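So for the sequence shown, our numbering puts the first residue at 15; every next one is plus one.
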Amino acid sequence: MNETRNKQKGVALISVLLVVAILVAVTTRLLAGHSLVVNHHQFTFEHDQALQYALGAESLARQILYEDFINSGKDRDHLGETWARQSMPLQIDEVGFVEARITDLNRCFNLNSLSAGSSKEVKTNMERLKLMLRYLQINEYLADRLKDWVDSDNKVTGFGAEETTYLNKMPGFHTPDMPINHLSELYLLEDISAEDLRQLLPHVCLIPSQDNKINLNTANTLTLASLDNGIGLANAEVVVSSQREYQSVAEFIRTNVDFSAVAADLVVESVFFQLHVMASVGDSSVTLLSTFRRDPADGKITLLQRDFGKLFRSVISLAEESEEAI
């Protein structure tokens, strides 16, 4: 009798332990699931907060550009103005930070200038792009392939490549035969390397226009030197190293006669601008590249394009690289 009772107690104990084990397993599973839900919601909240910070920086950039037009004068833009100053990362609410920079798109070569216009204009822009490629030690055929990518005909330019070349790829695709919408399109060009693009991209930009006038107050050495074969890198470097706040192209030409031949393609004001911003909250970050057009008549700012996910290089990392180079 006692032996039977002991067996029953043993079975009951095992049953209790089994129930406890099941409850512990279920509780652990619930807690783990709850933890995942909490982490997911936290990440979503932080991402949404970072997105709002980035959009806030975009609104601030628009205001800065408008106030620059109203207060600093609509007829001149230079690197000493508020919009062009590089700021350090700004901490917000002790939970995140925002870092942003504004650049003008009239400082660089507009690739869409190859898409239309008179044959004389296209020829001039092709010569300038090829000169820039020579300075960068990149094969000049890239200019021909860029022109064939954006022009409306199906005629191969020099060492270019038209639709037949791209249709024979696997998978095949059509050439757009229209202005480039995003710089990532360049990776589709025939026989172009990532290294070539890495060197070229800092000196080119996309403007929704065939205009290719260069702001002499903001352009870099290579862009200025590529305007004409008679200018040279040395003369362009002298200009860039000086304090450039020219009121007019005529004022600039008086002291820089080597640029006389390209005076018609120079300006001292900018119409297109780009904001690059990174906002971080907790473990989440958002990068945003916004393109604006500022109306030269009234200063109205129009948002043309937003690009999320563009790699952002902090001013801190850039400074560290410069120190290492020294």
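Glycine included, C-beta positions come from ideal geometry on N, C-alpha and C.
Computed from a predicted model, the values in this text were never measured in an experiment.
- Where F266 is concerned, there is no enclosing beta strand (DSSP E), although the alpha helix (DSSP H) around it starts and stops at 263–269.
- Counting only residues of its own chain and dropping the five nearest sequence neighbours on each side, P310 has a CB closer than 8 Å to the CB of K88, E283, V285.
- With contacts defined as CB atoms closer than 9 Å, D91 and N231 qualify as a contacting pair.
- Within the stretch 64–107, the runs of beta strand (DSSP E) at least 3 residues long that lie entirely inside it are, in chain order, 104–106.
- Approximately 5 Å separates the beta-carbon atoms of V218 and L125; this is inside 8 Å, confirming the contact.
- DSSP, reduced to helix, strand and coil, places Q288 within a strand of the structure shown.
- F273 sits in a helix when the DSSP states are folded into three classes.
- Distance from the CA of R212 to the CA of R43, rounded to the nearest whole angstrom, comes to 49 Å.
- Rounded to whole angstroms, the separation of the alpha carbons of D272 and T235 is 14 Å.
- Inclusion of L143 and L160 in the CB contact set at 9 Å is warranted, their separation being smaller than that value.
- Using a Cβ-Cβ distance cut-off of 8 Å, the stretch 255–268 and the stretch 97–107 are not in contact, since fewer than three pairs of beta carbons, one from each stretch, lie closer than that value.
- Taken atom to atom, the span from the alpha-carbon of T179 to that of L150 is near 26 Å.
- Each residue's CA atom was taken as its position, placing V164 and L197 some 12 Å apart.
- With a threshold of 16 other beta carbon atoms within 10 Å, I84 falls short and is exposed.
- The continuous alpha helix (DSSP H) containing V252 extends over residues 246–255.
- The criterion of a C-beta distance shorter than 9 Å is not satisfied by T138 and D158.
- One Cα belongs to K314, the other to Q288, and the distance between them is close to 15 Å.
- Selection N195, I194, E176 evaluated against H188 yields E176 as nearest (Cα-Cα).
- In terms of Cα proximity to G110, the closest of A64, V253, I221 is A64.
- Within its own chain, the residues whose Cβ lies closer than 8 Å to the Cβ of I78, once the five positions on either side in sequence are excluded, are T96, W97, I116, listed in chain order.
- If you ignore the 5 residues before and after L104, its C-beta comes within less than 8 Å of the C-beta of F111, V112, E113, all in its own chain and listed in chain order.
- With fewer than 16 other Cβ atoms from the protein chains shown falling within 10 Å of its own Cβ, L202 counts as exposed.
- Linking L93 to D210 through their CA atoms gives a straight-line distance of about 28 Å.
- Burial check for G186: the Cβ neighbour count within 10 Å stays below 16, so the residue is exposed.
- When DSSP assignments are scanned along the stretch 151–207, the uninterrupted stretches of alpha helix (DSSP H) that are 4 or more residues long and fall wholly within it turn out to be 155–164, 177–181.
- Judged by their CB atoms, E60 and D297 are nearer to each other than the 9 Å cut-off.
- A278 carries a helical assignment under DSSP once its states are collapsed to helix, strand and coil.
- In the three-state DSSP reduction, A233 falls in the coil class, being neither helix nor strand.
- Out of A75, D225, R320, S166, the CA that lies nearest to the CA of E135 is found in D225.
- Setting aside the 5 residues that flank it on each side, L200 is surrounded in the same chain by I206, L211, each with a C-beta closer than 7 Å to its C-beta; the list follows chain order.
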